[in-house]
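Only one structure is covered here, and it is reproduced in the block below.
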């Protein structure tokens with residue numbers, strides 16, 4: 001992408017803007033949203049997506065806008081709140097999103113909704129271009145090896161199951177409020193994408209709310225128009241009465257104001273938001289090695305049927321300790337191993353001598369040095385691991401790299417050929433940024449872990 005974020009869009013007439021923006025600003029004024037006159041909602045003439053730019057100098061700590069809680073759109077502020085409350089138990093789902101999605105289904109398809117000017121910014125409720133809307137062939141061709149295609153397939157299965165088993169029965173129970181012909185699975189999927197890309201969640205105190213379910217998402221008008229970069233210049237603050245966007249550093253006139261969606265790798269940004277940050281701007285880039293790949297590498301390194309049996313026994317023990325799972329991953333950042341405890345334990349157990357494993361198993365995985373806190377494991381430290389550990393990690397990394405269609409050198413050549421890169425579609429460019437960032441990390445692991 002050109003800007004290292006969602007593509008920047010600056011309106012030709014930032015003061016007035018297209019009719020949808022004008023109507024939305026009037027609505028904001030009506031519901032008590034206070035917009036700092038030094039900022040402007042901008043568009044490139046399309047009402048698909050927007051951003052926020054500074055019209056004047058902004059100071060660190062300056063409030064950019066505030067949104068009263070009464071203007072938030074959630075299951076608790078929708079006009080069908082009572083109906084959702086009455087059926088709360090029947091609307092439970094693994095995602096926890098069903099009540100909000102039903103509120104959106106109702107409000108977004110009713111032109112008399114108090115939030116109609118808000119939805120007017122997205123005519124047709126066109127969602128961001130998430131991979132869930134790509135063809136399966138395109139996902140597999142462009143995203144093979146990245147983990148995105150598998151995540152999308154799981155999402156689509158969950159959405160269809162949730163709609164057919166919870167949402168559709170609810171719609172059918174309330175024919176005066178909903179219609180199966182209007183409130184379809186296709187619309188439901190688009191609203192899932194809408195929530196995925198634009199919603200917010202109330203932060204929780206981890207100590208006070210330990211064990212409680214995460215609060216449901218909610219739509220925050222204006223805040224959801226800000227684009228993302230890792231090095232953002234604004235943050236959303238939550239107060240009892242208002243949500244406020246505050247500048248976190250000085251912003252010059254004409255500069256875009258960016259929020260952050262958190263420390264997210266490019267595969268997560270593409271999966272959930274439909275964009276990427278071009279290399280090397282995403283400091284949160286990660287690469288995964290699937291745990292079952294480590295298992296496969298250990299079996300591959302076994303020189304006899306006896307050793308293969310030992311690998312299987314150790315893997316089952318790691319599963320019992322809940323240290324590994326068939327769909328689990330080992331996560332590596334650009335500088336640090338993000339799952340260092342899991343990596344150390346897996347490598348240690350899979351590479352133990354038979355006698356050492358027997359003792360380890362008898363002690364249920366406890367060792368005398370377990371009380372000592374290990375320092376964070378950096379990628380450069382992988383060269384100091386025992387030789388057998390490095391060999392297993394090296395093999396696992398090589399197997400992971402082999403799941404991609406092309407090698408790192410092919411990606412590098414494509415990224416440095418400016419004319420060819422610009423000629424690619426947006427989907428192709430985003431997918432390449434995901435693949436390239438992951439391969440760089442994996443290649444570094446391969447280099448550091450070699451004998």
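Numbering (full-length UniProt numbering), first residue to last: 1 to 451. Where a beta carbon is used, it is the ideal one built from N, C-alpha and C, also for glycine. None of these values were measured; they are calculated from a predicted model.
Hey, residue i and residue j: beta-carbon distance below 8 Å or not?
i, j, result
"residue 257", "residue 234", "yes"
"residue 190", "residue 127", "yes"
"residue 449", "residue 388", "no"
"residue 146", "residue 444", "no"
"residue 395", "residue 328", "no"
"residue 143", "residue 431", "yes"
"residue 65", "residue 34", "yes"
"residue 175", "residue 152", "no"
"residue 117", "residue 24", "yes"
"residue 290", "residue 60", "no"
"residue 428", "residue 378", "no"
"residue 254", "residue 321", "no"
"residue 404", "residue 439", "yes"
"residue 52", "residue 225", "yes"
"residue 20", "residue 120", "yes"
"residue 74", "residue 218", "yes"
"residue 340", "residue 376", "yes"
Just the Cα atoms here: how many angstroms apart are residue i and residue j?
i, j, result
"residue 177", "residue 28", "27 Å"
"residue 179", "residue 125", "17 Å"
"residue 397", "residue 106", "48 Å"
"residue 44", "residue 342", "Unreliable positioning characterises residue 44 in this predicted model, as indicated by a pLDDT of 47, which lies under 50. The coordinate reading is nonetheless provided below. Distance between the alpha carbons of residue 44 and residue 342 is about 47 Å."
"residue 411", "residue 264", "22 Å"
"residue 353", "residue 310", "10 Å"
"residue 138", "residue 50", "27 Å"
"residue 214", "residue 374", "30 Å"
"residue 433", "residue 419", "16 Å"
"residue 62", "residue 242", "15 Å"
"residue 348", "residue 148", "30 Å"
"residue 115", "residue 273", "22 Å"
"residue 10", "residue 162", "Confidence in residue 10 is poor, its pLDDT being 35 and thus under 50, which makes the residue's placement unreliable; the coordinate value appears in the next sentence. Roughly 38 Å separates the two Cα atoms."
"residue 200", "residue 220", "7 Å"
"residue 266", "residue 230", "11 Å"
"residue 277", "residue 203", "25 Å"
"residue 345", "residue 408", "29 Å"
"residue 423", "residue 415", "11 Å"
"residue 109", "residue 86", "22 Å"
"residue 330", "residue 381", "16 Å"
"residue 357", "residue 155", "39 Å"
"residue 268", "residue 275", "9 Å"
"residue 271", "residue 244", "27 Å"
"residue 367", "residue 150", "37 Å"
"residue 246", "residue 42", "18 Å"
Excluding the 5 residues flanking residue i on each side, which residues of the same chain have their C-beta closer than 7 Å to its C-beta?
i, result
"residue 3", "The predicted position of residue 3 is uncertain, since its pLDDT is 37 and thus under 50; a value taken from the coordinates is nonetheless stated next. So the list is empty, once near-sequence residues are dropped."
"residue 292", "326"
"residue 442", "287, 397, 400 and 401"
"residue 252", "54 and 57"
"residue 437", "266, 279, 282 and 285"
Need the endpoints of the alpha helix (DSSP H) that residue i sits in, please.
i, result
"residue 144", "Careful: residue 144 lies outside any alpha helix (DSSP H) and carries neither H nor E."
"residue 411", "408–416"
"residue 357", "354–362"
"residue 441", "426–449"
"residue 133", "From DSSP, residue 133 is part of no alpha helix (DSSP H); its letter is neither H nor E."
"residue 244", "Segment 242–247 is the beta strand (DSSP E) holding residue 244; no alpha helix (DSSP H) there."
"residue 283", "Premise fails: residue 283 is in no alpha helix (DSSP H) and is neither H nor E."
"residue 165", "Counting along the chain, residue 165 falls outside any alpha helix (DSSP H), and DSSP gives it neither H nor E."
"residue 396", "387–401"
"residue 220", "Premise fails: residue 220 is in no alpha helix (DSSP H) and is neither H nor E."
"residue 104", "98–108"
"residue 117", "116–119"
Taking the beta strand (DSSP E) that residue i belongs to, which residues open and close that run?
i, result
"residue 288", "286–290"
"residue 41", "39–42"
"residue 259", "256–259"
"residue 68", "63–68"
"residue 58", "Unbroken run through residue 58: none, as it is neither H nor E."
"residue 331", "329–333"
"residue 270", "Segment 266–273 is the alpha helix (DSSP H) holding residue 270; no beta strand (DSSP E) there."
"residue 180", "Note, residue 180: premise wrong, no beta strand (DSSP E); not H, not E."
"residue 236", "234–238"
In chain order, what residues of the same chain have a beta carbon less than 6 Å from the beta carbon of residue i, not counting five sequence neighbours either side?
i, result
"residue 183", "105 and 171"
"residue 159", "189 and 192"
"residue 333", "286"
Can you give me the Cβ contacts of residue i inside the same chain, cut-off strictly under 8 Å, excluding the 5 residues immediately before and after it?
i, result
"residue 315", "295, 298, 324 and 350"
"residue 165", "none"
Worksheet item: Touch check for the segment 88–102 and the segment 160–177: three-plus C-beta pairs under 8 Å?
Response: The segment 160–177 and the segment 88–102 touch, with three or more beta-carbon pairs separated by less than 8 Å.
Item to complete: Could you tell me whether the segment 88–95 touches the segment 65–73, where touching means 3 or more Cβ pairs closer than 8 Å?
Response: no
Discussion item. Would you call the segment 184–202 in contact with the segment 102–122, where contact means no fewer than 3 C-beta pairs closer than 8 Å?
Written reply: yes
Worksheet item: Taking contact to mean at least 3 C-beta pairs separated by less than 8 Å, is the segment 298–314 in contact with the segment 235–246?
Response: no
Discussion item. Does the segment 76–93 come into contact with the segment 259–273, if we say contact requires no fewer than three beta-carbon pairs (one atom in each stretch) closer than 8 Å?
Written reply: no
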